[in-house]
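Visitor: Taken in sequence, the protein lines are chains A and B.
If you count the first sequence from 1, position 405 lands on 435 in my numbering, and the numbers rise without skipping.
If you count the second sequence from 1, position 9 lands on 39 in my numbering, and the numbers rise without skipping.
Ideal Cβ placement from N, Cα and C applies to all residues, glycine included.
There are 2 protein chains.
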Amino acid sequence: MSEHQDDQKQTQMKEHLLNKPLSRRDLLRMAGIGGAGLLLGAAGVSGVLEAAGAIKAPENKPNHAGNGGIVDFYGEHQAGITTPSQNFIMFAAFDLVTVSLDDVRVLFQAWTAAAAAVSRGETVQAESGNENLPPADTGEAAGLSPSRTTITFGVGASFFDSRFGLAARRPAALVDMPAFGGDELRPEWCGGDIGVQVCSDDMQVAFHAVRNLARIGRGKVVLRWTQEGFQRTGAADPAGSTPRNLLGFKDGTGNPDVTDNRLMNEVVWAQPEDGTDWMAGGSYMAVRRIRMRIEVWDRSTLADQEQTFGRHRSSGAPLGSANEFDPIDLNAKDDTGKALIPVRSHVALAHGDGSVRILRRSYSYSSGMDNKTGQLDAGLLFICFNRDSRKQFIPLQQKLGQNDALNEYIVHNGSALFACFPGVRQGGYIGETLF
Amino acid sequence: MSEHQDDQKQTQMKEHLLNKPLSRRDLLRMAGIGGAGLLLGAAGVSGVLEAAGAIKAPENKPNHAGNGGIVDFYGEHQAGITTPSQNFIMFAAFDLVTVSLDDVRVLFQAWTAAAAAVSRGETVQAESGNENLPPADTGEAAGLSPSRTTITFGVGASFFDSRFGLAARRPAALVDMPAFGGDELRPEWCGGDIGVQVCSDDMQVAFHAVRNLARIGRGKVVLRWTQEGFQRTGAADPAGSTPRNLLGFKDGTGNPDVTDNRLMNEVVWAQPEDGTDWMAGGSYMAVRRIRMRIEVWDRSTLADQEQTFGRHRSSGAPLGSANEFDPIDLNAKDDTGKALIPVRSHVALAHGDGSVRILRRSYSYSSGMDNKTGQLDAGLLFICFNRDSRKQFIPLQQKLGQNDALNEYIVHNGSALFACFPGVRQGGYIGETLF
Ligand code: HEM
Ligand code: HEM
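What follows is the structure, encoded as structure tokens:
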């Protein structure tokens, strides 16, 4: 089949899937299309075909033997937000190179099918069986388990520029990130029309997902930036204990309880009354690539380090307390009347009066060296979810950027903010509420 | 204590440890030294102190609850060579900034103690308990299990230049790497006076090791380059099955059997008769950072991909065979008389007549994006061990660089060769046979 014919058939299929019910004849005609330029994830396609009773469509091959470690892609909210952290992340920001909204919609449908397949540990698309076509799946995740993989999609402010006629639908909460004190942002780690957070207990599975999303999107999107991250995997720590960041401190202690639905509605999930109907049940994801000045930190004293965070390094307890989860009391004083938790410490500023909360879901990163300085390029890929960044992440970071004692040891060099869609119901697709 | 005094005491301690037996008075004097500038790994120091009965030295704290996953650092050969692959690597190349051979020796002793401690899942040094000193260990591996961590040390050709008076001891096998066809080497991923391969089942533990080695070596070494790598972790594949590289093919099938001592002596371990006495029991480590042209590969057909490697993608079997471990028969022909395994395929060239073998121990890498091209910077951190690179790695790579069909999809941009010392006996230190 020529490329041209192939394109024609694809267009027909797109139209069908988007606009009209499929006739048996349409289906049989479409079934002739090979895997080459096939943009629709096979799960979606075969689902449609089978439902219509037209053909026994080829099936996505399970990538694994068991079926453990599956986090459902579908649901009221997107997975990967209140999901307990996995061990690895591959974050990817994409820019659209198409100017057709239809293209974007079709892409999002294809990505939905692929993401759902990956979450089940299946190949992203069914193989055509034709060895004269590129394989439908790149293969490096064959044999690997689903690994609790989640793929979380969002769109950045630039998505709502003049290209797609969506300016009026831009959420007020999806502001342009203001400049923060101490920012040293580098364009190669900032922004993006689309942000995709892939988390998995297997780095290879996470890589496979991003690579195949990029591949499925070829001609419609280009990668803008990516960042890998990790946390411990070989923990002998009791399950559920708080992992440490690369400054050696437990990180995540003060997070809100993700099993508390009321709290999540307050802190994480955009609500119908927030003014952007299509975002209800979604969440805003702030991403900051924060380099740590490892070598400087490593020369600071333990006392300095603990004063910087306002917590004990070993236990993670607030200074002056014994246990990690003891409450933070900013009024507690030592014998000399000095605040036990220094006012400019990270925790004092980030906690404040406890009324402004965010859900952090950060990963450590190590990306070789900074060749300019000869030092490790390592730090925190800070990610947080919040209901409205104007009231949560941004004022928090304004305070921190200005006064945080930690600023001596870190520098923010990447930044992005994405509106993450509400969850996708089975049969639906990401972004459906927006289109 | 002033920095100057501190330095003085350190020098005294070095002299003691290197040259003369310790008196009780010396020991008590030395015991006053804090952890701040302490260059000697605590295990080594406390060992000496305790053995002399002088003090009850502070102990390195176990980082973990259990004691599973320990690969012994000490032994006839260095660990991390015939050790079954772990899931992660952090490779680090260092350059020496000292010109004193004594400094180097002391550094290698400190690194020995630290590496042995890390392999046992302990902190790299004992904490001083003084919060007005920097912590002796950076803390991010606290609570993590030993994770089968191995740390393998080697020295590059530049180690034998005029600085340390060791030129005459440079092994003939430690040649300068020749230029290979298709090389696009970048200085930021090449060479190094010292090469350290840290492998672990926990990325955070691997990072912790490199960072603390760098820290212990401050003033004596600087990092030259580092590269992180991974393989699958969430495998539902049967244990021991061959992992896939990022081109989707099983990678490692043709490796020699590491449990066959005779074969390892032939292929991997430098022998006394090889001409460099201090390298007997050691091995030469070739490191190549090989970028994959992921996007080009992903557009090639399955048939092309299989012809490129000379193996089937799904099973890993040689073309024309059914099972992964079926022998490679380069004479096998199809009905039309064409070789089943193309002569320019990677496996045909790498296998040859089967007489030249190496032990590969590569990891996949994903390092964000190449901002010049907008494509993923991902590929293979190729590492192999061999007894004599002049007869093994180099001629192999000369053949591959010239003719390998795979060259359409890869480009070598980093390169280094290190002479990895023989193993360290308990109480000894890395490089001892050389000094
Ligand atoms: C490299 C940068 C950062 C590091 C290493 C870091 C580390 C930490 C640590 C160790 C804690 C205490 C334990 C815990 O509650 O998790 C903490 C708490 C917290 N951090 Fe950060 N953080 C960083 C950046 C940020 C940023 C950019 C924000 C938001 C703008 C932030 C917001 C918070 C909040 C809200 C808390 C909890 C405070 C509370 O207890 O209520 N952090 N962080
Ligand atoms: C990105 C670069 C490379 C990739 C993706 C790659 C991949 C593979 C694959 C898939 C196989 C077949 C399965 C196996 O036996 O492991 C293989 C075999 C092999 N490769 Fe590579 N390889 C690369 C670079 C190299 C280099 C640089 C060398 C050495 C100079 C090399 C030497 C070998 C050898 C010796 C074999 C085994 C051949 C035999 O069966 O006897 N490879 N490689």
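Looking at the structure shown, is A/M207 part of a helix, part of a strand, or coil, going by DSSP?
Guide: Against the first sequence, residue 207 of chain A aligns to sequence position 177. The answer is coil: DSSP assigns A/M207 none of H, G, I, E or B.
Visitor: Does DSSP classify B/E218 as helix, strand or coil?
Guide: Along the second sequence, read from residue 1 onward, the residue named residue 218 of chain B stands at position 188. Three-state DSSP puts B/E218 in a helix.
Visitor: Could you check if A/N295 is buried or exposed, using at least 16 other CB atoms within 10 Å of its CB as the buried criterion?
Guide: Reading the first sequence from its first residue, position 265 is the one you call residue 295 of chain A. So A/N295 counts as exposed.
Visitor: Per DSSP, A/Y314 is paired with what?
Guide: Position 284 of the first sequence, counted from the first residue, corresponds to residue 314 of chain A. For A/Y314, which the question treats as bridged, DSSP gives the partners A/N416 and A/A449.
Visitor: Check whether chain A comes within 7 Å of B/V148, counting only Cβ atoms and requiring the distance to be less than that.
Guide: Working through the second sequence from its first residue, we reach residue 148 of chain B at position 118. Not one chain A Cβ lies under 7 Å of B/V148.
Visitor: Hey, is B/P165's beta-carbon within less than 7 Å of any beta-carbon in chain A?
Guide: Within the second sequence, numbered from 1, the residue matching residue 165 of chain B stands at position 135. It does; some Cβ of chain A falls within 7 Å.
Visitor: Is there at least one Cβ from chain A nearer than 7 Å to B/V454's Cβ?
Guide: The count along the second sequence starts at 1 and reaches residue 454 of chain B at position 424. Not one chain A Cβ lies under 7 Å of B/V454.
Visitor: Taking only three categories from DSSP, how would you classify B/P425?
Guide: If you number the second sequence from 1, residue 425 of chain B lands on position 395. It is helical.
Visitor: Compute the Euclidean distance between the alpha carbons of A/D356 and A/R391, then round it to the nearest angstrom.
Guide: If you number the first sequence from 1, residue 356 of chain A lands on position 326. If you number the first sequence from 1, residue 391 of chain A lands on position 361. Cα to Cα, A/D356 sits roughly 21 Å from A/R391.
Visitor: Since B/D125 contacts B/G222 with CB under 8 Å, what's their CB separation in whole angstroms?
Guide: Within the second sequence, the letter at position 95 stands for residue 125 of chain B. Within the second sequence, the letter at position 192 stands for residue 222 of chain B. 6 Å between Cβ atoms; contact.
Visitor: Shortest alpha-carbon distance to B/S313 belongs to which of B/G110, B/Y104 and B/F103?
Guide: By 1-based counting over the second sequence, the position of residue 313 of chain B is 283. The option with the nearest alpha carbon to B/S313 is B/G110.
Visitor: Which chain B residues are close to A/M233, counting only those with a beta carbon under 7 Å from its beta carbon?
Guide: Position 203 of the first sequence, counting from 1, holds the residue named residue 233 of chain A. What A/M233 touches in chain B: F260 and T263.
Visitor: What residues in the stretch 241 to 254 of chain B bring their beta carbon closer than 7 Å to a beta carbon of chain A?
Guide: Correct list: R241, R245, V252 and L253.
Visitor: Return the residues of the stretch 393 to 409 of chain A that lie within a Cβ-Cβ distance of less than 8 Å from chain B, sorted by chain order.
Guide: Against chain B - using a Cβ distance shorter than 8 Å - the residues of the stretch 393 to 409 of chain A are S394, S396, S397, G398, M399, N401, G404, Q405, L406 and A408.
Visitor: Considering only DSSP beta bridges, list what A/T180 is partnered with.
Guide: Here residue 180 of chain A refers to the residue found at position 150 when the first sequence is read from its first residue. Bridge partners of A/T180: A/C229.
Visitor: Where DSSP assigns a beta bridge to A/H238, which residues make up the other side?
Guide: On the first sequence, residue 238 of chain A is found 208 positions in, with the first residue counted as 1. For A/H238, which the question treats as bridged, DSSP gives no partner whatsoever.
Visitor: Would you check whether ligand 2 has a heavy atom nearer than 6 Å to the C-beta of B/F415?
Guide: To locate residue 415 of chain B, count along the second sequence from 1; it is residue 385. Outside the cutoff, so no.
Visitor: Taking CB distances under 7 Å as the criterion, tell me whether A/L276 reaches chain B.
Guide: Taking the first residue of the first sequence as 1, we reach residue 276 of chain A at position 246. True, the Cβ-Cβ gap to chain B drops below 7 Å.
Visitor: Run through chain B and tell me which residues come within less than 9 Å of A/R343, C-beta to C-beta.
Guide: Within the first sequence, numbered from 1, the residue matching residue 343 of chain A stands at position 313. Under the 9 Å cutoff, chain B gives P165, G169 and A172.
Visitor: Taking A/S330 as the query, report the chain B residues whose CB atoms sit under 8 Å from its CB, ordered along the chain.
Guide: Walking along the first sequence from the start, residue 330 of chain A turns up at place 300. The answer, in chain order, is P164.
Visitor: Hey, could you find the ends of the beta strand (DSSP E) A/S397 is sitting in?
Guide: In the first sequence, the residue the question calls residue 397 of chain A occupies position 367. Note, A/S397: beta strand (DSSP E), Y393 to D400.
Visitor: For a test of your reading of the model: does the CB of B/A347 fall under 6 Å from any non-hydrogen atom of ligand 2? Yes or no.
Guide: Here residue 347 of chain B is taken as the residue at index 317 of the second sequence, counted from 1. Incorrect: B/A347 has no Cβ contact closer than 6 Å to ligand 2.
Visitor: Could you give the uninterrupted runs of the alpha helix (DSSP H) lying entirely in the stretch 86 to 164 of chain B, keeping only those of 4 residues or more?
Guide: Entirely contained in the stretch 86 to 164 of chain B, the alpha helix (DSSP H) runs reaching 4 residues are, in chain order, 131 to 149.
Visitor: From the DSSP output, in three-state form, read off B/P348 for me.
Guide: Taking the second sequence and counting its residues from 1, the one referred to as residue 348 of chain B is at position 318. Three-state DSSP puts B/P348 in a strand.
Visitor: Measure how close the beta-carbons of A/P208 and A/I424 come, nearest whole angstrom, since I'm counting them as under 8 Å.
Guide: Translated into positions along the first sequence, residue 208 of chain A becomes position 178. Translated into positions along the first sequence, residue 424 of chain A becomes position 394. Indeed they touch by this definition, with Cβ atoms about 7 Å apart.
Visitor: Sorry if obvious, but does the Cβ on B/D281 come closer than 6 Å to a heavy atom of ligand 2?
Guide: Locating residue 281 of chain B in the second sequence gives position 251, counting from the first residue. The answer is yes for B/D281.
Visitor: Going by other Cβ atoms of all chains shown within 10 Å of its Cβ, with 16 needed for buried, is B/R254 buried or exposed?
Guide: Translated into the one-based positions of the second sequence, residue 254 of chain B becomes position 224. The residue in question, B/R254, is buried, as its Cβ has 16 or more Cβ neighbours within 10 Å.
Visitor: Can you find the residues in the same chain that come closer than 8 Å, C-beta to C-beta, to B/V129, ignoring five residues on each side of it along the sequence?
Guide: If you number the second sequence from 1, residue 129 of chain B lands on position 99. Cβ within range, chain order: R193 and F194.
Visitor: Assign A/S397 to one of two classes, buried (16 or more other C-beta atoms within 10 Å of its C-beta) or exposed (fewer than that).
Guide: Looking up residue 397 of chain A in the first sequence gives position 367. So A/S397 ends up on the buried side.
Visitor: Consult DSSP for A/G382 and reduce its assignment to one of helix, strand or coil.
Guide: In the first sequence, counting from the first residue as 1, residue 382 of chain A sits at position 352. In this structure, A/G382 counts as coil in the three-state DSSP scheme.
Visitor: From A/G346 to A/N285, what distance separates their C-alpha atoms?
Guide: The residue given as residue 346 of chain A occupies position 316 in the first sequence. The residue given as residue 285 of chain A occupies position 255 in the first sequence. Distance between the alpha carbons of A/G346 and A/N285 is about 13 Å.
Visitor: Under 8 Å, with one C-beta from each stretch per pair, do the stretch 312 to 327 of chain B and the stretch 438 to 447 of chain B reach the 3-pair mark?
Guide: A contact exists between the stretch 312 to 327 of chain B and the stretch 438 to 447 of chain B.
Visitor: Is the beta carbon of A/G475 sitting closer than 7 Å to the one on A/H107?
Guide: Chain A is shown from 31 up to 465; residue 475 of chain A falls before or after that span and cannot be answered.
Visitor: Helix, strand or coil: how does DSSP classify B/W299 here?
Guide: What you label residue 299 of chain B is simply residue 269 of the second sequence in a count that begins at 1. Looking at B/W299 - three-state DSSP - the assignment turns out to be coil, as it is neither helix nor strand.
Visitor: Hey, how far is the Cα of B/A203 from the Cα of B/L464?
Guide: The count along the second sequence starts at 1 and reaches residue 203 of chain B at position 173. The count along the second sequence starts at 1 and reaches residue 464 of chain B at position 434. Using only the alpha carbons, I get a separation of about 15 Å.
Visitor: Can you find a CB in chain A that lies within less than 7 Å of the CB of B/S445?
Guide: Here the question's residue 445 of chain B lines up with position 415 in the second sequence. Cβ-Cβ to chain A under 7 Å: no for B/S445.
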